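Q:
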Amino acid sequence: MSFDADWLTLREPADKAARDERLVEAFARHLSGAAKPLVIDIGCGTGSTLRCLAHAVPADKNWLLLDNDPLLLKEAERRSEAHAGIALRRHDLNDLVGLPLEDAAIVTASALFDLCSEDFSARFAERLAVCSVGLYAALNYDGRIDWSEAHPLDETVVAAFNRHQQTDKGFGVALGPKAAARLAVLFGDHGFRVETGESPWRLSSDSAPLQKAFIEGFRQPLQEIGGLRSSDIDDWIAFRLAAAEKPGSHCTVGHTDLLALPV
Ligand SMILES: C[S@@+](CC[C@H](N)C(=O)[O-])C[C@H]1O[C@@H](n2cnc3c(N)ncnc32)[C@H](O)[C@@H]1O
1 MSFDADWLTL REPADKAARD ERLVEAFARH LSGAAKPLVI DIGCGTGSTL
51 RCLAHAVPAD KNWLLLDNDP LLLKEAERRS EAHAGIALRR HDLNDLVGLP
101 LEDAAIVTAS ALFDLCSEDF SARFAERLAV CSVGLYAALN YDGRIDWSEA
151 HPLDETVVAA FNRHQQTDKG FGVALGPKAA ARLAVLFGDH GFRVETGESP
201 WRLSSDSAPL QKAFIEGFRQ PLQEIGGLRS SDIDDWIAFR LAAAEKPGSH
251 CTVGHTDLLA LPV
């Protein structure tokens with residue numbers, strides 16, 4: 001599955017505003033006491049996690065950004081030229097053994113684990129446990145979307161979208177909305193101290209371009225997963241695109257952040 005740099009750029013301010021501050025502070029405290037020198041951001045896209053967390057990372061730490069998409073890596077490289085201590089590498093995360101964890105103080109990820117499968121997440125937790133490396137995984141979609149202006153098909157559409165979120169996104173059957181809850185259990189089983197926090201997007205008409213791109217992103221999944229007439233999909237999307245522009249309207253998209261630290 002590939003991601004568009006423009007989409008990642010559009011969502012970055014909403015992601016930044018949504019991140020659970022308490023977990024970011026706990027992430028910073030962990031790093032200030034960590035001896036190992038590296039923060040590894042997996043599925044880095046254009047480097048949004050680095051830009052959002054750079055203030056919380058001590059100056060003696062370096063970043064390693066990993067993604068399997070060369071175009072996104074190139075954009076991440078371009079956008080991180082001003083930062084010191086950053087390396088970027090093409091890496092398919094399905095190669096878990098090849099993850100260079102030896103020098104890692106922590107692994108970070110944003111908007112990634114809802115794409116991942118139970119099996120991948122279990123093997124990932126095991127790999128981090130063996131190396132005693134923690135995980136900060138933010139912005140895992142939790143399946144809840146609310147709009148201030150209701151449409152009769154909202155519930156049906158969100159249920160269909162969430163079913164599609166649990167199809168294969170390159171790691172086997174995706175966890176989708178269950179990602180944060182499953183990560184909490186998997187890391188807890190390895191004795192990690194796990195904290196979670198809600199990180200919903202709270203979008204007003206000021207964020208109409210993001211809302212509209214998000215809604216347009218429903219079309220293909222709804223067509224693929226079935227269960228809705230094409231005309232109903234068209235009507236629902238048209239209604240939502242118009243509603244996104246209306247002053248006073250708002251939309252909430254649920255996410256969960258997670259911090260799992262070895263004890
Ligand atoms: C939703 S985007 C999030 C990007 C970035 N973390 C952010 O918050 O803007 C998911 C990212 O995971 C990457 N990704 C997906 N499958 C991957 C894989 N098998 N190996 C490495 N990266 C992968 C995509 O290329 C994309 O950059």
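Quick note: the sequence shown uses full-length UniProt numbering, first residue 1, plus one each step.
Beta carbons: idealized from backbone N, C-alpha and C, even for Gly.
Everything numeric in this text was worked out from a predicted model, so none of it was measured.
Taking one C-beta from the stretch 109-122 and one from the stretch 131-142 each time, how about it: are there three or more such pairs within less than 8 Å?
A: yes
Q: Below 8 Å, can you find three or more Cβ-Cβ pairs linking the stretch 140-156 to the stretch 233-245?
A: yes
Q: Could you work out which residue in 126, 230, 173 is closest to residue 187 when comparing CA atoms only?
A: 126
Q: Following the continuous alpha helix (DSSP H) through residue 216, name the residue where it begins and the one where it ends.
A: 208-216
Q: Quick one: using the 10 Å Cβ neighbour count with 16 as the cut-off for buried, is residue 46 buried or exposed?
A: buried
Q: Within the continuous beta strand (DSSP E) that includes residue 108, where are the two ends?
A: 104-110
Q: Excluding five sequence neighbours on each side, which residues of the same chain lie with their C-beta closer than 7 Å to the C-beta of residue 212?
A: 241, 244
Q: Considering just the uninterrupted stretch of the alpha helix (DSSP H) at residue 9, what are its terminal residues?
A: 5-18
Q: Determine which residues share a DSSP beta bridge with residue 42 and list them.
A: 66
Q: If the criterion is Cβ atoms closer than 8 Å, does the pair residue 67 and residue 52 meet it?
A: no
Q: I need the straight-line Cα distance from residue 227 to residue 234, nearest angstrom please.
A: Their backbone Cα atoms lie some 14 Å apart in a straight line.
Q: Taking the continuous beta strand (DSSP E) assigned at residue 267, which residues delimit it?
A: Nothing about residue 267 can be read from this structure; the chain reaches only from 1 to 263.
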